[in-house]
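Sequence lines, in order, name chains W and Z.
Going by the working numbering, 207 is the number at position 207 of the first sequence; the sequence numbering is gapless.
Going by the working numbering, 222 is the number at position 15 of the second sequence; the sequence numbering is gapless.
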Amino acid sequence: MTCSNKDIGKLIPAFLAQELERAERDIVTEHLESCSDCKMELILLRTLAAETVPDPGDAFWEETPGTIYRAVQREKARKKRFDLSWFAGRISMPRWALTAATVSVMLTISLLTLLSVQHRPDSSRSPAYVFSDDTMTYGSINVATLSQDDIDSINSWAGGELSSIAQEVEPVMAGTRDTDIYEELASLNASEIDTLASTIQTWEEEG
Amino acid sequence: MDEDLDLINRTEAGERDAFDELVKKYQKSLYATLYRMVSNHEDASDLLQKTFIKAFTGLKSFERRSSFKTWLYQIGINLAKNVYRDRGRFNQVSIDDVIIKKNPRTLDILIQNESRLLLRKALAELPQKQRLTLMFRIQEGRKFDEIAEIMKCSLGTAKANYHHAVQKLKLIMKESFEEEKTDNKEAAREEN
Chain W
1 MTCSNKDIGK LIPAFLAQEL ERAERDIVTE HLESCSDCKM ELILLRTLAA ETVPDPGDAF
61 WEETPGTIYR AVQREKARKK RFDLSWFAGR ISMPRWALTA ATVSVMLTIS LLTLLSVQHR
121 PDSSRSPAYV FSDDTMTYGS INVATLSQDD IDSINSWAGG ELSSIAQEVE PVMAGTRDTD
181 IYEELASLNA SEIDTLASTI QTWEEEG
Chain Z
208 MDEDLDLINR TEAGERDAFD ELVKKYQKSL YATLYRMVSN HEDASDLLQK TFIKAFTGLK
268 SFERRSSFKT WLYQIGINLA KNVYRDRGRF NQVSIDDVII KKNPRTLDIL IQNESRLLLR
328 KALAELPQKQ RLTLMFRIQE GRKFDEIAEI MKCSLGTAKA NYHHAVQKLK LIMKESFEEE
388 KTDNKEAARE EN
């Protein structure tokens, strides 16, 4: 016959685990004496609890962390290899195509950077100055209102402009420095020497 | 900071000692749970390794909302469930050879072993959730809130699973004893 006292049923696992207070333990003990259903439940559960797991031995427990550690390292390495091969699989295109793709990306980035530098001053925040291809016109600029980005843009633009001017001027300057004045004079004809002499005389008269 | 979380952080930082400490802390109890589910050392040992490997290679997915222990058991139980699914059911276990080898083969022991065999068969007939709940509560002495967390169900469901498991187990055992009684009576009648 099934026991209808559900409160006792709830206490049986704790009774088995010896977790009950003395008062509760006495109630369960008293109930078990007269209830075959609960007694059977207790025997069943006690048998179940007594089911022991065979110990694989100290050697097993000592080896397990190392075994697992090595297996984890292997698994991580396998995953890493998989990731690299996945990436490599996707870039296994012909060398010329890879080069072309790389150059395209670099050109795109350069173009975007250039456009960004040239168009930034046109923004509503800095209406007072405008860059064009060969001139820079400006109205009144309050330097204090320029942001760091604006200053960086100007620096970048000016750096580019000065660099190109410097490249053009440099050979001329170098050429001037390398020319010998005496050789220049020696190459003049009589008429040119007369003109030069009269010019020098005029400069001296004018002070 | 929680001791396990500290060990996990150190493990992630590459400290081998912390790794070993975490494994040593849980290997025995986890092995016992897995053994109870699969009933043999080879599978339990294999599952133990797989559980730790899955946990340590997936530490980034451990959200630290539940305890590491609960998370570890969830992984282990899910892996063991796959073994269960592959077999169709948990192992139908035989009489414990160790006891028979160590003790004289007295009638009492054989009867005891027979009862245990019946009990194991009855357990194997329980639905998986009920069997696991019973195992956690009775064999591992876990509280219902912990069982609910591991089994990813409500406290009420965990208690209900336990109640149904016990009732069904009693019923199966009663039927088995009744069958045995009837068999014995018939055998006695035939002898007379």
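In this text, a Cβ means the ideal position worked out from N, Cα and C, and glycines have one as well.
For ASN247/Z, no alpha helix (DSSP H) encloses it, and the DSSP letter there is neither H nor E. Within chain Z, the C-beta atoms nearer than 9 Å to that of LYS76/W come from PHE263 and THR264, in chain order. For LEU11/W, the closest Cβ of chain Z is not nearer than 7 Å.
Contact annotation: ILE260/Z and ALA71/W have beta-carbon atoms nearer than 7 Å. The beta-carbon distance between GLY9/W and CYS35/W, rounded to whole angstroms, is 10 Å. This is too long to meet the 8 Å contact definition.
Straight-line spacing of the CA atoms in ALA225/Z and GLU75/W works out to 19 Å. By alpha-carbon distance to GLU62/W, the top candidate from PHE269/Z, LYS232/Z and LEU339/Z is LYS232/Z.
In the DSSP assignment, GLY221/Z falls outside any alpha helix (DSSP H), carrying neither H nor E. For PRO56/W, the closest of LEU255/Z, THR389/Z and GLU356/Z by C-alpha to C-alpha distance is LEU255/Z.
Under the three-state reduction of DSSP, LYS375/Z is assigned to helix. Taking 7 Å as the Cβ-Cβ cut-off, the stretch 38-54 of chain W approaches chain Z at MET40, GLU41, LEU44, LEU45, THR47, LEU48, ALA49, GLU51, VAL53 and PRO54, given in chain order. Chain W has a Cβ within less than 7 Å of the Cβ of ARG344/Z. In the three-state reduction of the DSSP assignment, GLU347/Z falls in the coil class, being assigned neither a helical nor a strand state.
Residue range 6-16 is occupied by the alpha helix (DSSP H) that includes PRO13/W.
Interface annotation for the stretch 229-242 of chain Z against chain W: VAL230, LYS231, GLN234, LYS235, TYR238, ALA239 and TYR242, criterion Cβ-Cβ distance under 8 Å. THR47/W and ARG323/Z have their alpha carbons spaced roughly 7 Å apart.
Interface criterion not met: the Cβ of ALA59/W is under 7 Å from no Cβ in chain Z.
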